[in-house]
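Inspection log for the structure reproduced underneath, given as structure tokens.
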Amino acid sequence: MKKIRLRCPCGVLLTSSDEDGLVETAQEHLAQEHPKLAGEYSREQILSMSF
Ligand SMILES: [Zn+2]
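Okay, so the sequence shown: first residue is 1 according to my numbering, each after it adds one.
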């Protein structure tokens, strides 16, 4: 299955099998690790940084 990935500026690699999952994973990571950034990234921004 194809995986999509997102490299957080802190160096953590987030992966998911679909866009919805990646957005959710990224938002969760931001909320836990970077509370100041939580809510700063829209779905489109997250997906534009994914690879
Ligand atoms: Zn991070």
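Positions of the beta carbon are idealized from the N, C-alpha and C atoms, including for glycine.
In three-state DSSP terms, what is S48?
As a first step, residue 48 must be located in the sequence shown, where it is residue number 48. If DSSP states are grouped into helix, strand and coil, S48 belongs with the helices.
Could you compute how far the alpha carbon of H29 sits from the alpha carbon of S48?
Residue mapping note: residue 29 aligns to position 29 of the sequence shown, counting from 1. Residue mapping note: residue 48 aligns to position 48 of the sequence shown, counting from 1. C-alpha separation (whole angstroms): 17 angstroms.
Within its chain, find whatever has a CB closer than 8 angstroms to the CB of C10; leave out the 5 residues flanking it on each side and keep chain order.
Translated into the one-based positions of the sequence shown, residue 10 becomes position 10. E33, H34.
Along the alpha helix (DSSP H) that carries L30, what are the first and last residues, could you check?
Locating residue 30 in the sequence shown gives position 30, where the first residue counts as 1. Looking at the DSSP string, the run of the alpha helix (DSSP H) that includes L30 is 19 to 33.
Span of the beta strand (DSSP E), counted from its first residue to its last, around L6
Reading the sequence shown from its first residue, position 6 is the one you call residue 6. Taken as a continuous stretch (DSSP letters only), the beta strand (DSSP E) holding L6 covers 4 to 7.
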